[in-house]
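In my numbering, the protein residues as written are 332 to 808.
Beneath this line is the structure, given in structure tokens, with notes to follow.
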Amino acid sequence: MKKDRTGDLSQWVADFVCSDACPTGVALDRAKIVFSDTVSATVAGATSDVVKPLMAYLDAQQVRHADKIVLGTQIKSSAELAAMVNGTMAAALEFDDVLSLMPGHPSAVVMAALMATDAALDACGEDVLNAYAVGVEAGARIAQAMTLDHYKRGFHVTGTIALFSAVAALGRIQKLSPEMLKRAIGLAASMSSGIQGNFGTMTKPLHSGWAARNAIAAVHLATSGLTACESIFEAEGGFFSSYGSDSSNQERIPKAFGAPWIFEEPGVTLKLFPCCYASHRGMDGLRDLMTDLNIQSNDIRKIECLTPPGGLIPLKFDRPVTHFESLFSFPYALAVTALDGMPGLKSFQQNRVTSPDVAQMLKRITVTESMDCVADHSDFEAKSYGSRGEVRIRVDTMDGRQMSKTIPFAPGHPLRPMTWVQAEAKFIGCLEAAGFSKEFAEKTYPQIRHMERQPSFGEFVASLSLTKDKHEIEIQP
């Protein structure tokens with residue numbers, strides 16, 4: 332097939348995935364904490380409103396011989412459908428990782444695919460952890476080759492490119508040959524989907540689940556004998572020319588994968604707040620200002636927040652009316668920060684969105700984009716909307732005081748990384764929200780903290796199913 336770009340990124344990815352490359356040192360430790368964080372977000376996602384329609388969908392499929400676990404529930408389904416549900420749940424509460432280089436949330440897709448694949452469930456924790464890291468690395472470099480123009484066109488990179496992360500992870504854990512992996516990548520390219528127009532709806536997290544499901548399907552179809560273009564990125568009518576821009580080219584990425592690993596440089600961001608990452612700097616700054624001013628929410632007269640140009644593109648809802656809209660609303664995020672102190676999962680539930688105190692606080696908040704927040708950063712245009720420039724926030728008090736703060740990096744950013752203590756607290760909180768006991772969560776956490784020591788990944792996944800008598804949500808699949 333004729334190519335319209337030079338190089339062969341599919342071959343490059345396949346050579347890396349099929350090698351013995353594994354993260355070590357700092358890269359391994361960071362991969363482990365993101366791995367842990369993704370499990371936390373997935374289990375908590377069992378409480379999301381998106382679960383009910385997903386269960387109705389599973390019921391309609393009439394799956395036989397279902398044996399793959401939907402985390403945080405008593406439900407089992409087929410590999411593809413379990414991956415779809417787990418991947419959707421992982422993203423449903425906007426509590427999963429952020430890889431600004433993509434920009435997207437690859438771990439939800441990779442982990443959901445691995446947790447529904449026999450080769451991973453039969454493997455030890457170390458092998459699964461390495462497959463996960465390899466997958467995230469591969470997808471991140473593909474996204475780097477595509478450039479940010481792909482996102483600017485309106486694609487949701489989690490659905491379109493993290494799909495390749497999951498294919499790569501499955502290729503590693505299933506020990507596919509380079510030729511078979513290239514075929515699976517070619518198949519996956521025709522399954523790539525996800526657009527930003529669905530942000531603020533249940534379909535946004537479905538992008539993660541659909542990508543996980545498609546990754547399993549692509550690998551299964553490839554190993555079943557279905558053919559596909561094995562150099563799909565540079566091919567005429569291929570991924571670069573169809574989904575990218577004139578700048579999309581593998582020359583955009585480093586000369587070698589894993590040198591350094593993406594987990595080490597530039598790093599992956601983890602969330603302390605369960606909402607769109609683009610609002611986190613403002614939330615963090617407001618918490619600091621309220622502490623410095625020694626005030627409560629009723630002491631606030633006005634909050635003014637400035638965000639960089641493009642910073643409000645993913646934050647589409649000025650006055651949200653649904654839980655899913657609230658996840659993508661900067662004013663709402665600031666309102667519940669002022670009212671709740673440390674916004675948690677309950678801060679973004681539907682009853683909170685419609686509460687009177689939130690409506691009153693929203694009247695005191697303005698958020699606007701400003702060139703003042705570019706901050707003379709030479710790489711401003713290359714950064715994702717949620718990480719570029721800086722955020723500035725000012726609070727005016729009822730007694731006439733005023734204080735401002737500039738926030739260049741949100742908590743959880745690689746330059747302000749989440750600690751293992753914070754990760755454990757998040758894990759325990761997420762499991763408790765899903766109906767597990769605190770005692771069980773505390774007992775389970777060391778297993779994921781030291782996943783490389785676990786003899787059976789499948790037994791760990793099985794432990795995160797929830798029996799009916801303990802589950803708060805009555806759902807019949």
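Even glycine gets a Cβ: it sits at the ideal position worked out from N, Cα and C.
No experiment lies behind these values; they were computed from the predicted model shown.
Original post:
Are the CB atoms of arginine 472 and valine 348 nearer to each other than 7 Å?
Top reply: To locate residue 472, count along the sequence shown from 1; it is residue 141. To locate residue 348, count along the sequence shown from 1; it is residue 17. The beta carbons of arginine 472 and valine 348 sit no closer together than 7 Å.
Original post:
In whole angstroms, what is the alpha-carbon distance linking phenylalanine 571 and alanine 421?
Top reply: Position 240 of the sequence shown, counting from 1, holds the residue named residue 571. Position 90 of the sequence shown, counting from 1, holds the residue named residue 421. Rounded to the nearest angstrom, the two C-alpha atoms are 28 Å apart.
Subject >> Proximity below 7 Å, CB of glycine 435 to CB of alanine 493 >> reply: Position 104 of the sequence shown holds residue 435. Position 162 of the sequence shown holds residue 493. Taking C-beta atoms as the reference points, glycine 435 and alanine 493 count as a pair closer than 7 Å.
Subject >> Segment limits, beta strand (DSSP E) that includes cysteine 560 >> reply: Along the sequence shown, one-based indexing puts residue 560 at 229. Following the DSSP letters along the chain, one finds cysteine 560 in no beta strand (DSSP E), marked with neither H nor E.
Subject >> C-alpha gap between proline 742 and alanine 543, whole angstroms >> reply: Counting from one through the sequence shown, the residue named residue 742 turns up at place 411. Counting from one through the sequence shown, the residue named residue 543 turns up at place 212. Those two C-alpha atoms are separated by around 28 Å.
Subject >> Cα-Cα separation, arginine 747 to glutamate 596 >> reply: Position 416 of the sequence shown, counted from the start, is the residue given in the question as residue 747. Position 265 of the sequence shown, counted from the start, is the residue given in the question as residue 596. CA-CA distance, arginine 747 to glutamate 596, rounds to 13 Å.
Original post:
Which residues mark the beginning and the end of the beta strand (DSSP E) in which aspartate 727 is found?
Top reply: Locating residue 727 in the sequence shown gives position 396, counting from the first residue. Counting along the chain, the beta strand (DSSP E) containing aspartate 727 begins and ends at 722-728.
Original post:
Cβ of lysine 647 within 7 Å of Cβ of phenylalanine 659?
Top reply: Walking along the sequence shown from the start, residue 647 turns up at place 316. Walking along the sequence shown from the start, residue 659 turns up at place 328. The beta carbons of lysine 647 and phenylalanine 659 sit closer together than 7 Å.
Subject >> Exposure of alanine 793, with buried meaning 16 or more beta-carbon neighbours within 10 Å >> reply: Walking along the sequence shown from the start, residue 793 turns up at place 462. Burial state of alanine 793 is exposed, judged by a 10 Å Cβ sphere holding fewer than 16 other Cβ atoms.
**OP:** Take every Cβ of the segment 452-468, pair it with every Cβ of the segment 506-523, and state whether three or more of those distances are shorter than 8 Å.
**Re:** Under the three-pair Cβ rule at 8 Å, the segment 452-468 does not count as touching the segment 506-523.
Original post:
Among Thr653, Thr775, Asp619 and Met415, which has the Cα closest to the Cα of glutamine 392?
Top reply: On the sequence shown, residue 392 is found 61 positions in, with the first residue counted as 1. Restricting attention to Thr653, Thr775, Asp619 and Met415, the CA atom closest to the CA of glutamine 392 is found in Met415.
Subject >> Residue range of the unbroken alpha helix (DSSP H) whose run includes arginine 632 >> reply: Taking the sequence shown and counting its residues from 1, the one referred to as residue 632 is at position 301. No alpha helix (DSSP H) contains arginine 632, which is instead part of the beta strand (DSSP E) from 631-638.
Subject >> Reference serine 350; option with closest CA among Ala587, Ser686 and Val652 >> reply: Translated into the one-based positions of the sequence shown, residue 350 becomes position 19. When each option's Cα is compared against that of serine 350, the closest is Ala587.
**OP:** Could you name each continuous beta strand (DSSP E) segment of 3 residues or more that falls completely within the segment 712-787, going from the start of the chain to the end?
**Re:** Secondary structure in the segment 712-787: the beta strand (DSSP E) runs of 3 residues or longer, each lying completely within the stretch, are 722-728 and 733-738 in chain order.
Original post:
Should aspartate 800 go down as buried or exposed, given a rule of 16 or more other Cβ atoms within 10 Å for buried?
Top reply: Taking the first residue of the sequence shown as 1, we reach residue 800 at position 469. Note that aspartate 800 scores 37 on pLDDT, short of 50, meaning its location in the model is unreliable and no value can be drawn from it.
Original post:
Between the C-alpha atoms of isoleucine 724 and serine 678, what's the straight-line distance to the nearest angstrom?
Top reply: For the purposes of this step, residue 724 is taken as the residue at position 393 of the sequence shown. For the purposes of this step, residue 678 is taken as the residue at position 347 of the sequence shown. As the crow flies, the alpha-carbon of isoleucine 724 is around 21 Å from that of serine 678.
**OP:** Sort Ser787, Pro645, Leu340 and Asp339 by Cα distance to asparagine 529 and report the nearest one.
**Re:** Within the sequence shown, the letter at position 198 stands for residue 529. Distance check between asparagine 529 and each of Ser787, Pro645, Leu340 and Asp339 places Pro645 closest, using alpha-carbon atoms only.
Subject >> Simplified DSSP assignment, three categories, for isoleucine 283 >> reply: No answer is possible for residue 283: the residues shown for the chain start at 332 and end at 808.
Original post:
Alpha carbon to alpha carbon, how far is glutamate 565 from aspartate 339?
Top reply: On the sequence shown, residue 565 is found 234 positions in, with the first residue counted as 1. On the sequence shown, residue 339 is found 8 positions in, with the first residue counted as 1. Roughly 7 Å separates the two Cα atoms.
Subject >> Three-state secondary structure (DSSP) of threonine 600 >> reply: The residue you call residue 600 lines up with position 269 of the sequence shown. Threonine 600 carries a strand assignment under DSSP once its states are collapsed to helix, strand and coil.
Original post:
For valine 698, which of Lys407, Ile634, Leu795 and Ile563 has the nearest alpha-carbon?
Top reply: Residue mapping note: residue 698 aligns to position 367 of the sequence shown, counting from 1. When C-alpha distances from valine 698 are compared across Lys407, Ile634, Leu795 and Ile563, the shortest belongs to Ile634.
Original post:
For alanine 566, which of helix, strand or coil comes out of DSSP?
Top reply: Within the sequence shown, residue 566 is the residue found at index 235, counting from 1. Looking at alanine 566 - three-state DSSP - the assignment turns out to be strand.
Original post:
Which whole runs of the beta strand (DSSP E) in the segment 364-418 are 3 residues long or more, in chain order?
Top reply: Correct list: empty.
**OP:** Leaving aside the five residues before and after leucine 537 along the sequence, list all residues of the same chain whose C-beta is less than 6 Å from its C-beta, in chain order.
**Re:** Counted from its first residue, the sequence shown places residue 537 at position 206. Contacts found: Thr419.
Subject >> Start-to-end residues for the alpha helix (DSSP H) that takes in threonine 622 >> reply: Walking along the sequence shown from the start, residue 622 turns up at place 291. Taken as a continuous stretch (DSSP letters only), the alpha helix (DSSP H) holding threonine 622 covers 611-624.
Subject >> Reduced DSSP secondary structure (H/G/I, E/B, other) of valine 652 >> reply: As a position in the sequence shown, residue 652 is number 321, starting the count at 1. Residue state, collapsed to three classes: coil.
Subject >> Exposure label - arginine 732; buried when at least 16 CB within 10 Å >> reply: For the purposes of this step, residue 732 is identified with residue 401 of the sequence shown, where counting begins at 1. Looking at its Cβ environment, which holds fewer than 16 other Cβ atoms inside 10 Å, arginine 732 is exposed.
**OP:** Check whether the Cβ of proline 645 lies closer than 7 Å to any Cβ atom in chain B.
**Re:** The chain labelled as chain B is not found in the depicted structure, where only one protein chain is given.
Subject >> Member of Ser523, Gln627 and Lys407 whose CA lies at the smallest distance from the CA of valine 440 >> reply: Taking the sequence shown and counting its residues from 1, the one referred to as residue 440 is at position 109. For the residues Ser523, Gln627 and Lys407, the minimum Cα distance to valine 440 belongs to Ser523.
**OP:** Compare the C-alpha of arginine 583 against each of Thr775, Gln475, Arg650 and Leu507 and name the closest.
**Re:** Position 252 of the sequence shown holds residue 583. Selected option, being the one with the closest Cα: Gln475.
Original post:
According to DSSP, is phenylalanine 486 helix, strand or coil?
Top reply: What you label residue 486 is simply residue 155 of the sequence shown in a count that begins at 1. Residue state, collapsed to three classes: strand.
Subject >> Inter-residue CB distance, valine 365 and serine 431 (contact presumed, cutoff 8 Å) >> reply: As a first step, residue 365 must be located in the sequence shown, where it is residue number 34. As a first step, residue 431 must be located in the sequence shown, where it is residue number 100. Going by Cβ atoms, the distance from valine 365 to serine 431 rounds to 13 Å, so no, they are not a contact pair.
**OP:** Taking asparagine 461 as part of the alpha helix (DSSP H), name the residues at either end of that continuous run.
**Re:** Translated into the one-based positions of the sequence shown, residue 461 becomes position 130. Asparagine 461: member of the alpha helix (DSSP H) spanning 456-477, first to last residue.
Original post:
Do you know how far the Cα of valine 684 is from the Cα of arginine 650?
Top reply: What you label residue 650 is simply residue 319 of the sequence shown in a count that begins at 1. What you label residue 684 is simply residue 353 of the sequence shown in a count that begins at 1. Arginine 650 and valine 684: Cα-Cα distance of roughly 9 Å.
Original post:
Should the segment 480-492 be regarded as contacting the segment 604-612, the criterion being three or more beta carbon pairs within less than 8 Å?
Top reply: Flag = no, the segment 480-492 and the segment 604-612 do not touch.
Original post:
Nearest to leucine 424 by alpha carbon, out of Ala451, Ser408, Ser657 and Ile406?
Top reply: The count along the sequence shown starts at 1 and reaches residue 424 at position 93. Comparing Cα positions, the closest option is Ser657.
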